Structures are given as structure tokens and as C-alpha cells.
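*Asks:* Mind having a look at this structure? Questions to follow.
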Amino acid sequence: MEQWEYLTTIIRADAGNKDVQEQIKRRWPNLKRVPRYAPEAMTRQLDDLGAQGWELVSMEPVRRVGRKGDILFGDPGWSNAYFCVLKRRKQLTGPQG
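Set out below in C-alpha cells:
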């Protein structure tokens, strides 16, 4: 039987970094202007996780992340924070793996 391990994390869309903007422009050359909080800014982080074997299974925008790591889902407004759940196949060792 397949077994999975899961990772939960907050990924922020922030294209304020020049390297991130250049990466976005290379990947989407027809994009005229890169908005500061463009969702495309998350692709590097998602690609890095994918290279480690993680598959994104859920992504949900969240309004705010508290100082204690608590997450506010309601409260209408803007946000660049996304709660992500990823999974990858668990590496089994021993006779069953």
C-alpha cells in the first residue's frame, strides 16, 4: 500500500525581489509589467518543492498569518499569502520498501 507524507506551509506571492522579477519575465516574456504580488512570483518556490518530490494538492489564499502562526481565512480584503498542502510518496525502508 502506498504511504504519503505531507507538508503544510505558507507561500507568499512577492515579486519585489529583482531576481524573482527576472525569473518571471524569462518564463512569461509577454508579460509587460510584473505586479508586486503576482501569483507567478510563487513558481520558484513551488518548482523547488516539486524538485524535492513534493506535489501541491491544495492552495488556499489566506487573509492574514498571525504572529503565532495562526491563520485568518475570513475577513474580506487583499492578501499575498497562500496556505499550501503538499504530499510526496513516503520512502519505505526494510522488507516492505
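Residue numbers for the sequence shown follow our numbering, beginning at 44 and rising by one.
For each residue, glycine too, the CB sits at the ideal point set by N, CA and C.
On a predicted model such as this, the values are computed, not experimentally measured, just so you know.
1. Taking C-alpha atoms, which residue in Gln88, Ala84, Gly112 and Asn60 lies nearest to Glu98?
2. Note down, in chain order, each residue of its chain lying with its Cβ closer than 7 Å to the Cβ of Glu103, except the 5 sequence neighbours on either side.
3. Assuming Trp71 and Lys133 are in contact, meaning their beta carbons sit under 8 Å apart, how far apart are those beta carbons, in whole angstroms?
4. Is Thr86 helix, strand or coil by DSSP?
5. Excluding five sequence neighbours on each side, which residues of the same chain lie with their C-beta closer than 8 Å to the C-beta of Val100?
6. Going by C-alpha distance, which of Pro82, Glu45 and Leu92 is nearest Asp57?
*Replies:* Once the coordinates are examined:
1. Gln88
2. Tyr125 and Phe126
3. Not quite, the Cβ-Cβ distance comes to about 35 Å (not below 8 Å), so this is no contact.
4. helix
5. Val128, Leu129 and Lys130
6. Pro82
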